[in-house]
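Read in UniProt numbering, the sequence shown has 80 at position 80, and its numbers run on one by one without any break. A short worksheet on the structure shown next.
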Amino acid sequence: MLFSSLQLDHSPSMKFSSPDKMWPDLISKSKEGGVDVIETYVFWNGHEPVRGQYVFEGRYDLVKFVKQVAANGLYFFLRIGPNVCAEWNFDLGYSLFANFP
């Protein structure tokens with residue numbers, strides 16, 4: 001079994017689209033609180049605000065976020081969509097159906 005000795009006790013959800021200057025403190029406080037996994041999902045409309053124009057900088061720099069999580073000795077869990085909980089007005093599921101009939 002691949003992860004037979006791995007025990008993940010806590011998995012808080014954290015939106016990496018929070019301002020990137022906040023990430024080190026949020027990740028550090030999560031670890032201090034006993035967390036061993038940071039999970040997040042990606043709101044694609046943040047990465048592609050206009051169809052065909054992509055943003056992976058600043059608060060949308062997913063690679064930078066993952067590296068900061070790893071640098072703190074934590075695991076990272078990416079929740080993939082397309083639907084990411086409907087925490088956004090007219091979530092991605094709606095957008096997909098509206099734009100790609």
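Don't be surprised by glycine CBs; every beta carbon is placed ideally from N, CA and C.
Name, in chain order, the residues that DSSP records as bridge partners for Tyr-75.
Here the question's residue 75 lines up with position 75 in the sequence shown. Bridge partners of Tyr-75: Val-37.
Using the Cα positions of Asp-61 and Gln-53, report the straight-line distance between them to the nearest angstrom.
Translated into positions along the sequence shown, residue 61 becomes position 61. Translated into positions along the sequence shown, residue 53 becomes position 53. So the alpha carbons of these two residues sit roughly 15 Å apart.
Should Phe-65 be labelled buried (16 or more other beta-carbon atoms within 10 Å of its own) or exposed?
As a working note, residue 65 is residue 65 in the sequence shown. Buried, because 16 or more other Cβ atoms sit within 10 Å of the Cβ of Phe-65.
Simplified DSSP state of Val-55, which is helix, strand or coil
One-based indexing of the sequence shown puts residue 55 at position 55. In the structure shown, Val-55 falls within a coil segment according to DSSP collapsed to helix, strand and coil.
How is Val-66 classed by DSSP in three states: helix, strand or coil?
Against the sequence shown, residue 66 aligns to sequence position 66. Val-66 falls in the helix class under three-state DSSP.
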